[in-house]
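**Q**
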């Protein structure tokens with residue numbers, strides 16, 4: 560069971576903390592290859608890292624260096640998705656990404672692989688703003704906003 564997927568290679572802000580917490584808690588982290596250039600996903604596990612390499616493994620270079628690459632044929636189950644956001648609508652849970660569509664592609668690949676389904680919670684972290692866009696979130700975690708939303712099962716293109 561894969562306990563967390565982080566859908567962007569984020570080296571700043573809230574998702575950096577989620578990645579460090581995840582690896583130090585002994586869970587597995589499934590993360591996309593940087594910009595999907597060298598493959599699709601990598602697995603990082605706490606036993607693969609030392610105290611000195613955890614912070615590096617939270618970067619795009621560190622994922623490529625310390626992670627184990629996997630393909631779309633891999634059979635796995637992801638029980639939580641964490642996706643970074645530039646902005647989040649605190650009313651609906653809709654998020655705005657960086658505009659390149661990688662999170663949506665990665666989400667689609669995981670659905671195709673059978674790694675996630677309608678019951679897989681999607682969490683985003685960031686600052687709440689009022690914008691509608693992209694994949695809807697089940698949970699928003701920000702400095703002053705934590706809310707659970709009814710999930711809509713589609714991507715807005």
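In the working numbering, the protein residues as written are 560 to 716.
We treat Cβ as the ideally placed atom computed from N, Cα and C, and that holds for glycine.
(1) Starting from the C-beta of residue 657, find all residues in its chain whose C-beta is less than 7 Å away, skip the five residues before and the five after it, and write them out in chain order.
(2) Whose C-beta lies closer than 7 Å to the C-beta of residue 668 among residues of the same chain, with five residues either side of it excluded?
(3) How big is the Cα-Cα spacing for residue 665 and residue 613?
(4) Taking Cβ to Cβ, would you say residue 590 is nearer than 8 Å to residue 626?
(5) Could you name the residues that DSSP lists as bridge partners for residue 628?
(6) From the DSSP output, in three-state form, read off residue 642 for me.
(7) Could you have a look at residue 614 and say whether DSSP puts it in helix, strand or coil?
(8) Return helix, strand or coil for residue 662, following the three-state DSSP convention.
**A** This is what the structure holds:
(1) If you number the chain shown from 1, residue 657 lands on position 98. Once the five neighbours on either side are set aside, the close Cβ partners of residue 657 are 645.
(2) Translated into positions along the chain shown, residue 668 becomes position 109. Here the set comprises 599, 631.
(3) Within the chain shown, the letter at position 106 stands for residue 665. Within the chain shown, the letter at position 54 stands for residue 613. Whole-angstrom Cα-Cα distance: 23 Å.
(4) The sequence position of residue 590 within the chain shown is 31, counting from 1. The sequence position of residue 626 within the chain shown is 67, counting from 1. Contact flag set, yes.
(5) By 1-based counting over the chain shown, the position of residue 628 is 69. Residue 628 is bridged to 601.
(6) The residue given as residue 642 occupies position 83 in the chain shown. It is a strand residue.
(7) Taking the first residue of the chain shown as position 1, residue 614 is located at position 55. In this structure, residue 614 counts as helix in the three-state DSSP scheme.
(8) Within the chain shown, numbered from 1, the residue matching residue 662 stands at position 103. Residue state, collapsed to three classes: helix.
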